[in-house]
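Just so you know, the sequence shown maps onto residues -24 to -1, 1 to 202 in mature numbering (1 follows the signal peptide of the UniProt record, and there is no 0). Note that CB positions come from ideal geometry on N, CA and C, so glycine has one too.
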Amino acid sequence: MKKLLRVTAFIFIFLVAFYSPSQAFQDTSGQKPKGEVSLVIYTLERKLVVLDDGKPFKTFPVAVGTFETPTPIGLFRITEKSKWGEGFGSRWMRLSVPWGIYGIHGTNKPYSIGGFASHGCIRMHNRHVEEVYSWVKVGTKVYIVGGVDGPFTFGFRTLVQGSRGSDVVEVQKRLFNHGFYNGNFDGIYGSGTREAVKAFQKESGLKATGIVDEATYRALGIFRFE
């Protein structure tokens, strides 16, 4: 598991360092990717980059989640493709996020594209999502990248039982590293995570509330770059 985490972290660092969404755009009108397709979504820039054999092929604007309902950060795969309608636009591509239903889809609110506006999904213009839909398949890799602070790019959420997200995953990993958690890194703040937090807080001289606040983040060694 630790080896997998190191490999995943390396991939993200590589993507952030070498793939700039502002530099990835090419005029590919009428063309299709010829090699293996993967996607990189930059939440800060609200851009989706299609990679063709690892090289930038085409860039699209997107809308992502808000601070309260953030877009998951991590490496996922497309698990389902559907031709939906209504608020999800003309196409839907579900992602392998373990703590909820998230995906890439179209929208009936095109004015939201380019903003932080969704409940965590990635919104695209319908004409764009139809193009991407035709290039990907079930199993296609999707890298979702935050800033240097990863899931904490926009600050620290107070985590309580029932919270879900990439920040919960990071807390679970830290609790595991400290020897207080042996469950899955599933991003779901359930009773097992809560009890692990309480035990860690007690050991760290904090009030054992089972709620992850700023003091608990600091004790876990989670800080943000200023």
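Just reading off the beta strand (DSSP E) that residue i is part of, what are its end residues?
i	result
glycine 79	79 to 81
arginine 70	68 to 71
leucine 196	Looking at the DSSP string, leucine 196 is not in any beta strand (DSSP E), and its letter there is neither H nor E.
leucine 27	23 to 28
Please say whether residue j and residue i have beta carbons closer to each other than 9 Å?
i	j	result
phenylalanine 52	valine 118	yes
glycine 61	arginine 70	no
threonine 83	glycine 65	yes
threonine 47	isoleucine 98	yes
isoleucine 164	arginine 140	yes
leucine 151	alanine 184	no
glycine 11	aspartate 28	yes
phenylalanine 201	aspartate 143	no
proline 32	histidine 101	no
tyrosine 157	glycine 168	yes
threonine 19	glycine 123	yes
phenylalanine 130	phenylalanine 43	yes
alanine 93	valine 136	no
With which residues is residue i paired in a DSSP beta bridge?
i	result
lysine 117	Arg53
lysine 10	DSSP output for lysine 10 lists no bridge partner at all.
glycine 41	Ser94
glutamine 18	Note on identity: in this sequence residue 18 is tyrosine, with glutamine being the wrong assignment. According to DSSP, which records beta bridges pairwise, tyrosine 18 is partnered with Lys23 and Val121.
serine 58	Trp68
Check for me: the alpha helix (DSSP H) holding residue i runs from which residue to which?
i	result
serine 110	102 to 111
phenylalanine 36	First-last for phenylalanine 36: 31 to 37, but that is the beta strand (DSSP E), not the alpha helix (DSSP H).
With a cut-off of 8 Å on the beta carbons, I'd call residue i and residue j a contact; round off their distance for me.
i	j	result
glycine 155	arginine 170	Not confirmed; about 17 Å, so no contact.
lysine 149	phenylalanine 161	6 Å
- Can you list, in chain order, the stretches of the beta strand (DSSP E) that have 3 or more residues and sit fully within the region 126 to 183? Counting whole runs of 3 or more residues, the region 126 to 183 contains no beta strand (DSSP E) stretch at all.
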